[in-house]
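>
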Amino acid sequence: MEEVIVSADASCTAEIDSPSADAGPRNVRVAYSRIYKCSHCKVEGGPRELRVRVGEFDVYAIFGGEFTVPVARFQFGRGVPKDPAAASTSDDEDDSPEPDQPPAHFFGAATYLEIVASCSVTLNDAAYDAFQQRREEGRTAALAAASRERQRLAEAADLVAGLVGLRLGAQWVSGDSVDRVIAFRDTGSVSFSSGFKFNVVGSPTLDDKAWDALVAQQPRVRSPLDRAGTILSWLLRAWGESDDPVNEFMSLFVPLEMMLGKPEPPDAAWSERAEAVSQLVRDHGGDRAPELLTFLKKALQPPSVLVRRFRKLASEAALPGWEADVAAVKKFAGIRQQLLHLGRKHEVALKVTLPETEDVRTLEDIVERYTSHVVFGDVAIYESTTRPRASTS
Numbered sequence: 012m013e014e015v016i017v018s019a020d021a022s023c024t025a026e027i028d029s030p031s032a033d034a035g036p037r038n039v040r041v042a043y044s045r046i047y048k049c050s051h052c053k054v055e056g057g058p059r060e061l062r063v064r065v066g067e068f069d070v071y072a073i074f075g076g077e078f079t080v081p082v083a084r085f086q087f088g089r090g091v092p093k094d095p096a097a098a099s100t101s102d103d104e105d106d107s108p109e110p111d112q113p114p115a116h117f118f119g120a121a122t123y124l125e126i127v128a129s130c131s132v133t134l135n136d137a138a139y140d141a142f143q144q145r146r147e148e149g150r151t152a153a154l155a156a157a158s159r160e161r162q163r164l165a166e167a168a169d170l171v172a173g174l175v176g177l178r179l180g181a182q183w184v185s186g187d188s189v190d191r192v193i194a195f196r197d198t199g200s201v202s203f204s205s206g207f208k209f210n211v212v213g214s215p216t217l218d219d220k221a222w223d224a225l226v227a228q229q230p231r232v233r234s235p236l237d238r239a240g241t242i243l244s245w246l247l248r249a250w251g252e253s254d255d256p257v258n259e260f261m262s263l264f265v266p267l268e269m270m271l272g273k274p275e276p277p278d279a280a281w282s283e284r285a286e287a288v289s290q291l292v293r294d295h296g297g298d299r300a301p302e303l304l305t306f307l308k309k310a311l312q313p314p315s316v317l318v319r320r321f322r323k324l325a326s327e328a329a330l331p332g333w334e335a336d337v338a339a340v341k342k343f344a345g346i347r348q349q350l351l352h353l354g355r356k357h358e359v360a361l362k363v364t365l366p367e368t369e370d371v372r373t374l375e376d377i378v379e380r381y382t383s384h385v386v387f388g389d390v391a392i393y394e395s396t397t398r399p400r401a402s403t404s
């Protein structure tokens with residue numbers, strides 16, 4: 012996934028607290044805004060506004076009113092890969108329509124809900140003056156300060172959006188949405204940055220060469236049909252979740268786990284050594300033994316069963332670069348643990364760089380290659396300008 016940021020100036024139409032409400036002459040009010048399209052929802056009696064204080068943040072839920080900043084509609088052409096080698100293989104001729112962001116179907120709803128979470132940030136004198144004077148360097152500095160608060164503000168917005176969903180119904184907060192970061196000037200005008208994600212894809216063409224290759228490589232299913240079909244159904248699901256990185260990430264782990272077969276029992280040798288260390292603490296820890304045993308229980312984590320099972324599969328398959336695949340899966344497994352146990356969705360990554368070799372691996376590429384190997388006994392998968400050019404080390 013690539014992210015495009017579009018920044019612009021506009022006038023504030025909603026009543027958000029003035030930056031002067033906070034002490035300090037160089038403080039600027041910044042906000043994170045998320046607008047939901049609320050299909051088939053209705054606000055009776057005119058717009059309504061809910062204000063909630065979430066820690067240090069003011070959060071507003073504006074039902075059916077005007078947006079804090081009008082939503083602009085932007086049109087973009089095809090993405091250009093950063094890798095020159097990839098760019099050289101792309102087709103210069105592309106007659107496909109340029110996509111709208113937000114898409115056209117976002118507009119025209121009878122009701123919208125905007126969640127705005129705001130706080131105050133401090134700019135240095137030069138940046139503050141440039142921002143108030145609507146100069147480019149001031150806008151850049153203010154939006155950079157707002158972006159640094161984006162994750163915390165988004166979490167506050169999530170809390171209020173969740174409250175609305177629980178109290179009024181999920182339909183208010185489950186439709187299409189657009190999000191922005193905003194910086195407010197003393198005059199009431201604002202700078203804003205709208206972010207959205209999209210897939211950078213090629214333009215596949217079924218020519219004679221591709222057709223001949225497809226016909227020549229008749230599939231030979233190596234797995235039982237029900238297992239092979241289920242593995243591929245989850246890969247299809249992951250491909251369909253490309254607009255939601257968290258769903259795509261978790262969906263890709265299902266076919267990966269299925270390829271590895273039945274879970275293995277815990278490493279008996281590791282368990283024996285861990286118990287021996289715990290017994291030493293019981294015997295010699297004295298009054299601190301309970302405290303140290305609690306610490307050991309948290310600190311002594313067995314090696315990932317998933318990584319051990321994948322290493323076995325990868326070594327047997329011996330695909331080019333399989334050791335780097337194992338190192339990447341270890342990183343992805345760690346990310347999944349953080350997501351499952353700590354809910355860190357902002358840390359989800361579908362691409363990792365291995366520090367030892369600077370090799371790049373994507374979870375999608377790994378799952379696709381090993382799915383093809385396990386199900387069909389080959390790695391005859393499609394070429395893509397976005398597929399990492401992995402080393403064979």
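Counting in my numbering, the sequence shown runs from 12 upward without gaps.
Each residue gets a CB set at the ideal place from its N, CA and C atoms; glycine is no exception.
#1: How would you write the range of the beta strand (DSSP E) that Ser50 sits in, first residue to last?
#2: Indicate the three-state DSSP secondary structure (helix, strand or coil) for Tyr393 in the structure shown.
#3: If we call anything under 8 Å between Cβ atoms a contact, is Ala168 one with Val132?
#4: With a cut-off of 8 Å on the beta carbons, I'd call Val39 and Leu134 a contact; round off their distance for me.
#5: Are the CB atoms of Gln143 and Asp190 nearer to each other than 8 Å?
#6: Three Cβ pairs or more, each shorter than 8 Å: is that satisfied between the segment 239–257 and the segment 354–367?
#7: Out of Arg372, Asp376 and Gln182, which one is the CA nearest neighbour of Trp250?
#8: Counting Cβ pairs, one atom from each stretch, are 3 or more of them under 8 Å apart for the segment 39–51 and the segment 178–193?
#9: Cα separation between Arg146 and Glu367?
#10: Below 8 Å on the Cβ atoms is my guess for Val54 versus Thr122; work out the distance and round it to an integer in Å.
#11: Evaluate Ala391 with the Cβ neighbour count: other Cβ atoms within 10 Å of its Cβ, from every protein chain shown; 16 or more gives buried, anything less gives exposed.
#12: For Ala344, tell me which candidate among Pro331, Val265 and Leu317 has the shortest Cα-Cα distance.
#13: For Glu394, count neighbouring Cβ atoms within 10 angstroms of its own Cβ and tell me buried if that reaches 16, exposed if not.
#14: Can you list the alpha helix (DSSP H) stretches of 4 or more residues lying completely in the segment 124–154, in chain order?
#15: So, do the segment 329–345 and the segment 237–246 have three or more beta carbon pairs nearer to each other than 8 Å?
#16: Please state whether DSSP places Asp69 in a helix, a strand or coil.
#17: Could you compute how far the alpha carbon of Phe387 sits from the alpha carbon of Ser262?
#18: Pull up the DSSP beta-bridge partners for Ala42, would you.
#19: Sorted by chain position, which residues of the same chain lie with C-beta nearer than 7 Å to Cys52's C-beta, five sequence neighbours on each side aside?
#20: So what does DSSP say about Thr198, is it helix, strand or coil?
#21: Are Val232 and Ala239 closer than 8 Å when you measure CB to CB?
#22: Which partner residues of Glu60 appear in the DSSP bridge assignment?
A quick look at the data gives this:
#1: Element bounds for Ser50: n/a, residue is neither H nor E.
#2: coil
#3: no
#4: 6 Å
#5: In this structure, Gln143 keeps its C-beta atom at 8 Å or more from the C-beta atom of Asp190.
#6: yes
#7: Asp376
#8: yes
#9: Distance between the alpha carbons of Arg146 and Glu367: 43 Å.
#10: 6 Å
#11: It is exposed - the Cβ of Ala391 has fewer than 16 other Cβ atoms within 10 Å.
#12: Leu317
#13: exposed
#14: 136–143
#15: Per the Cβ contact rule, the segment 329–345 is not in contact with the segment 237–246 (fewer than 3 Cβ pairs under 8 Å).
#16: strand
#17: Straight across, the Cα-Cα distance linking Phe387 with Ser262 is about 20 Å.
#18: Ser129 and Ile193
#19: Thr122, Gln182 and Trp183
#20: coil
#21: Going by beta carbons, Val232 and Ala239 fall inside the 8 Å limit.
#22: Ile73
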